[in-house]
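K.L.:
Each residue of the sequence shown is one higher than the one before, counting from -17 in our numbering.
Even for Gly, the Cβ is constructed at its ideal location relative to N, Cα and C.
Got a structure for you, questions after.
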Amino acid sequence: MDIEYNVNDENRKVLEEICEKYGYSEELKSVLSRVMPAMLEGATYEEKELFYSMLRKTQIEIIPAESTITRLELSKKNLGGINPHIINVEADTGEYGKNEPAGGFVRDAELDENLKIKGVRQYLFVRELSEKNEKNRRAIDLLGTKINVSHLIHELGHAWVSEKNGYEIDDSGTLTERVGTCKIEYQITPLENGKYERQEISRTGLMLEEALNTNMEEESLARYLGISKEKAQLLYKSSGCLDSSAYQGLMSEMSETLTERTMGKNLRRWRILGDEKALEEVNSVMMKTNEYQNRETGNEYFKDKVEFFEEKTREGATSEILKRFLLRCKSDFFPNKKDMTPMEIIEATLRQCYDVKVNQLTFDFSTEGKIEEYKKFVRSVIADGYLLINETRDYLKDKGQDLSK
-17 MDIEYNVNDE NRKVLEEICE KYGYSEELKS VLSRVMPAML EGATYEEKEL
33 FYSMLRKTQI EIIPAESTIT RLELSKKNLG GINPHIINVE ADTGEYGKNE
83 PAGGFVRDAE LDENLKIKGV RQYLFVRELS EKNEKNRRAI DLLGTKINVS
133 HLIHELGHAW VSEKNGYEID DSGTLTERVG TCKIEYQITP LENGKYERQE
183 ISRTGLMLEE ALNTNMEEES LARYLGISKE KAQLLYKSSG CLDSSAYQGL
233 MSEMSETLTE RTMGKNLRRW RILGDEKALE EVNSVMMKTN EYQNRETGNE
283 YFKDKVEFFE EKTREGATSE ILKRFLLRCK SDFFPNKKDM TPMEIIEATL
333 RQCYDVKVNQ LTFDFSTEGK IEEYKKFVRS VIADGYLLIN ETRDYLKDKG
383 QDLSK
């Protein structure tokens, strides 16, 4: 049973505490006073306590719009000197790591010379909206602040769901980092003179984490502004005043559908509390669907995807830039699903959606025919996810187990 207490009093108490600790401006304090209840509405006692714990240990930096400081420079400033005995090997994150972000949640585990976790150091940054941009000026008028509130909510979301069991290390030197549904594993290898090398060896659940976090962002922003979620989502559209991310649209729509039509409570417990049993229950139900049982045979949309790739990557293809994108990301679009769990198939589908979104300018939209060609390709991309989600919904309804409520 959830413990009852006055959340408004608790919010004020924590807000005063963190503002004094970190010396936050009155502007940031005012924004946080509205962000906190917007994000915590409907949260359980345990979830609220994790949120407060995160705020107490995560300094928020608001970066001036015209500042040229980079994410790397911010990390050196805030995390510099941590783990001097460990050499990090830079990982290739594909399409995901190409752009300089306007905000971020950054942390690292402090390890002693025997690779025992001593603690975690972390911070969060958000770049202000520039008043030189007309769209941004409209956003500032709407939000009542130059602080990019939507980005702030997004990064607080990642930080919140990383609070419980954020890092673990085993005897083999494998360090595991948890950010909501995302799990990153690093192998730490001994070198000479007491030094170690740390290299990322696997990353799972990242796209689902970004998509679910975007759902949380949109819902919280709607509460912050006192408008409906639908109206908040329109603010990110081309006619709106907020910058959209690559996670909105194809990805966020699929994760929203996943949550609403299947086992939303389980997904939330897995994401916020790191409850692996909740994930196992979701996978167990999804495994009973025909779509999952026949995952290796390919659905009716698979042929469309194959034909699109063959046409656009053949010798003499009309668009060289589209060809390069498709060849670069081909393994994402044709994953081996034999040993995948259902949620891994959802993740693979979201990865394809992300690839399409960040490379959208490589497609030709000059004629109605080209637009329809693009739409057909997108349908072939999202099919694996939606067919699995919809069959799971039907299975739950047949069993009288609508666990999303």
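Going by other Cβ atoms of all chains shown within 10 Å of its Cβ, with 16 needed for buried, is Q215 buried or exposed?
P.N.:
Buried, since its Cβ has 16 or more Cβ neighbours within 10 Å.
K.L.:
Report yes if the CB atom of T239 is closer than 7 Å to the CB atom of I371, and no otherwise.
P.N.:
Yes. Within cutoff.
K.L.:
Can you tell me which of G256, L190, M18, A84 puts its alpha carbon nearest to the alpha carbon of S226?
P.N.:
Looking from the CA of S226, the closest CA among G256, L190, M18, A84 belongs to A84.
K.L.:
Does A121 come out as helix, strand or coil in the three-state DSSP assignment?
P.N.:
helix
K.L.:
Tell me the DSSP secondary structure of V17 in three-state form.
P.N.:
helix
K.L.:
Whose C-beta lies closer than 8 Å to the C-beta of S12 among residues of the same chain, with five residues either side of it excluded?
P.N.:
T127
K.L.:
Spatial neighbours of Y218 within its chain, please: CB distance less than 7 Å, with the 5 preceding and 5 following residues excluded, ordered by chain position.
P.N.:
L224, S226, Q230
K.L.:
Taking the straight line between their C-alpha atoms, what separation do you get for P19 and N(-7)?
P.N.:
7 Å
K.L.:
Could you pull the start and end residues of the beta strand (DSSP E) that Q215 belongs to?
P.N.:
Not the beta strand (DSSP E): Q215 falls in the alpha helix (DSSP H), residues 211 to 216.
K.L.:
Among I183, K(-5), E92, whose alpha-carbon lies nearest the alpha-carbon of A73?
P.N.:
I183
K.L.:
How about R185 and Y168: do their beta carbons lie closer than 7 Å?
P.N.:
no
K.L.:
In terms of residue numbering, what span does the alpha helix (DSSP H) encompassing G367 cover?
P.N.:
350 to 380
K.L.:
Measuring straight from C-alpha to C-alpha, what distance separates V17 and L61?
P.N.:
26 Å
K.L.:
Let me check one thing: in DSSP terms, what residues is N70 bridge-paired to?
P.N.:
R180
K.L.:
Express the C-alpha separation of V338 and A390 in angstroms, rounding to a whole number.
P.N.:
Only positions -17 to 387 of the chain appear in this structure, which leaves residue 390 out of reach.
K.L.:
So which of A121, H67, V108, Y377 has the shortest CA-CA distance to A91?
P.N.:
Comparing Cα-Cα distances from A91 to each of A121, H67, V108, Y377, the minimum goes to H67.
K.L.:
Does the pairing of the segment 327 to 338 with the segment 358 to 368 give three or more beta-carbon distances under 8 Å?
P.N.:
Enough Cβ pairs lie closer than 8 Å, so yes.
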